[in-house]
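Visitor:
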Ligand SMILES: Nc1ncnc2c1ncn2[C@@H]1O[C@H](COP(=O)(O)OP(=O)(O)OP(=O)(O)O)[C@@H](O)[C@H]1O
Ligand SMILES: [Mg+2]
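As structure tokens, this is what we get:
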């Protein structure tokens, strides 16, 4: 049984249509990548899953209908969203930002264990824990945003363009962490414009163009497709 099942998902912004019937699944523990050009609807897809924007169609998680569920309940179901542009609280410390991800929890030991997990993935955050988030580099801030989402102990992590605008070295570190998170059993729905990096880590890929899924398959099968190679891999 899939962890996340989306069928015929439609999202409108006023009269404009952003998603035109998207069907997609994520299996437990799977890392699924979503590629697509600017404006394709990638961010909208993640926002629909976390119920930040209204959507029609079928949206089910662990076999439960997410449709009627308000956004603030979704985290409690096990879906944590690391949004586009990171959205940290710049004046708060790294540690306070991380702890905001655990705001629904009261299991002290579990929270402490998850904080250790985040510091294990991103050791620099332990060193910087008392620093204001605004003083971190872009890549380090992205690590905080991912760490904050992990502090909700998700079974599905939604990642929106974690590598955008980040220096090469930190980008590698972030993709290594994404793979580690999947290897530890957390399913991930990863939106990326860096097709090469996404295809290197993902188990399966969907290509979203103009609000529709145009291709899906394993990274290897998509890399065999000439149109995908030209449009997304530039070769
Ligand atoms: N709040 C909004 N109000 C109106 N239109 C919106 C809103 N948010 C997104 N859109 C439109 O919906 C479409 C899909 O946007 P979305 O942000 O999902 O694309 P994206 O694939 O994430 O793009 P990018 O790669 O630039 O982040 C675009 O045409 C966008 O202009
Ligand atoms: Mg986007």
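Residue numbers (our numbering): 88 to 322. Glycine residues also receive a C-beta, built at the ideal position from the N, C-alpha and C atoms.
Reducing DSSP to helix, strand and coil, say where residue 207 ends up.
Guide: helix
Visitor: Does the Cβ of residue 269 have 16 or more other Cβ atoms within 10 Å, making it buried, or fewer, making it exposed?
Guide: buried
Visitor: Ordered along the chain, which non-local residues of its own chain (more than five positions away) have a Cβ less than 8 Å from that of residue 289?
Guide: 118, 119, 120, 277, 306
Visitor: Just how far apart, CA to CA, sit residue 201 and residue 217?
Guide: 18 Å
Visitor: Are there 16 or more other CB atoms within 10 angstroms of the CB of residue 247, so buried, or fewer, so exposed?
Guide: Buried, because 16 or more other Cβ atoms sit within 10 Å of the Cβ of residue 247.
Visitor: Using a Cβ-Cβ cut-off of 8 Å (strictly less than) and excluding sequence neighbours within five positions of residue 191, which residues of its own chain qualify?
Guide: Counting only Cβ-Cβ distances below 8 Å, and skipping sequence neighbours, we find 162, 163, 239.
Visitor: I need the DSSP call for residue 100, collapsed to helix, strand or coil.
Guide: strand
Visitor: Find out if the Cβ-Cβ distance for the pair residue 142, residue 98 is shorter than 7 Å.
Guide: yes
Visitor: What do you reckon, is the C-beta of residue 102 under 6 Å from a heavy atom of ligand 1?
Guide: no
Visitor: Determine the closest residue to residue 296 out of 124, 96, 104, with distance taken between C-alpha atoms.
Guide: 124
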